[in-house]
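Colleague:
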Amino acid sequence: MKQARMNRLFGTSGHCFDVAIDHGMFNERTFLGGIEDMRAAIATIAAARPDAIQLPPGTAPMLQAIPGKDRPALVLRTDIANVYGTPLPRSLFSEVIDRPVEQAVALDAACVVVNLLLLPDQPEVYRACVRNVNALKRECEVMGMPLMVEPLVMQDNAKGGYMVDGNIDLILPLVRQAAELGADIIKADPCTNVAEYHRVIEIAQGLPVLVRGGGRVSDAEILARTADLITQGAKGIVYGRNVIQHPNPGGMTRALMAVVHEGASPEAALGMIG
119 MKQARMNRLF GTSGHCFDVA IDHGMFNERT FLGGIEDMRA AIATIAAARP
169 DAIQLPPGTA PMLQAIPGKD RPALVLRTDI ANVYGTPLPR SLFSEVIDRP
219 VEQAVALDAA CVVVNLLLLP DQPEVYRACV RNVNALKREC EVMGMPLMVE
269 PLVMQDNAKG GYMVDGNIDL ILPLVRQAAE LGADIIKADP CTNVAEYHRV
319 IEIAQGLPVL VRGGGRVSDA EILARTADLI TQGAKGIVYG RNVIQHPNPG
369 GMTRALMAVV HEGASPEAAL GMIG
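119 is the number of the first residue of the sequence shown in this note's numbering; add one for each residue after it.
1. When DSSP builds the beta bridges, which residues end up paired with M272?
2. Considering only residues of the same chain and omitting the five flanking positions on each side of C134, which have a CB-CB separation below 7 Å?
3. C226 by DSSP, collapsed to three states: which one?
4. A228 to A386, Cα distance in whole Å?
5. Could you tell me which residues DSSP puts in a beta bridge with N266?
6. To test your reading of the DSSP string, which unbroken beta strand (DSSP E) runs of 3 or more residues are found completely within the segment 341–368?
7. DSSP puts A138 in a beta bridge; with which residues?
8. So R195 is in the beta strand (DSSP E); what residue range does that whole segment cover?
9. Just to confirm my understanding: we take I139, look at its own chain, exclude 5 residues before and 5 after, and list those with CB closer than 8 Å. What are they?
10. Would you identify the three-state DSSP class for I163, choosing helix, strand or coil?
11. In the DSSP output, what is I198 paired with across the bridge?
12. At a cut-off of 7 Å, is A296 close to the ligand SAH when judged by its beta-carbon and the heavy atoms of the ligand?
13. Consult DSSP for L206 and reduce its assignment to one of helix, strand or coil.
In structure tokens, the structure reads:
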């Protein structure tokens, strides 16, 4: 059953575009732009037909209630952390939801996703994430559920809140650890020098690598970056804010789908947004 679920994500092209709309899980006001009305946000993105939509358990039923066989697959967010605001809380945590894979099966998910967080001087959070991945791995194997691990290297929040660290020397070992822990899919940040991303793909040991989108940038920049990453061997993307905070989320979804699946040039894709 794991391969059947993988096929729902990657299809005949072997690539995947997963739109992340799971930001409300993390209790951070700045993450809610564009998704205040989740039912409307999900409907808009689903109508543009990406391969998958990433959602928490509370809003996943909104996607699965859409009739018809062409709705996007569900990627279920399974963990919660309080590491994104500034200043950081006195006590940090990263915890998985109760019986995560059982919930994923009940919701007809094609995959579950969990963080592997590396924050400066926060080894307790990192240890909690390792435990979360370990606990999920065996349960996923038993239930035939693909496991997507999100190795996320973060900067010190005191510098201005939630910011990822594009240092490839930090990204590489964390991606490799995710692979060694048993990930079926890697969801990793782009490095500062995007031209080096092939090294991230190589260190993942043949696992499909999906690239996180990060903060909002211009249409031309996100499309050009995506095309470059796909050319280097990335199997797809997981973008949230660059889609849901766009003035035309459906148009941006269709443009990115063309880049990911059809090899459309950034210039041609830009013309699809409308």
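Heads up, the beta-carbon is just placed ideally off N, CA and C, and yes, glycines get one too.
Modeller: Considering the structure as presented:
1. V282
2. L127, F128, D169, A170, L328, K353, G354
3. According to the sequence shown, residue 226 is Asp rather than Cys. If DSSP states are grouped into helix, strand and coil, D226 belongs with coil.
4. 31 Å
5. Reading off the sequence, residue 266 comes out as Met, not Asn. Per DSSP, V231, I303.
6. 354–357
7. Q172
8. 191–195
9. I153, M156, A159, I160, I163, I171, Q172, L173, T177, G358, I362
10. helix
11. E213
12. Looking at this structure, you won't find the ligand SAH or any other ligand, since it has none at all.
13. coil
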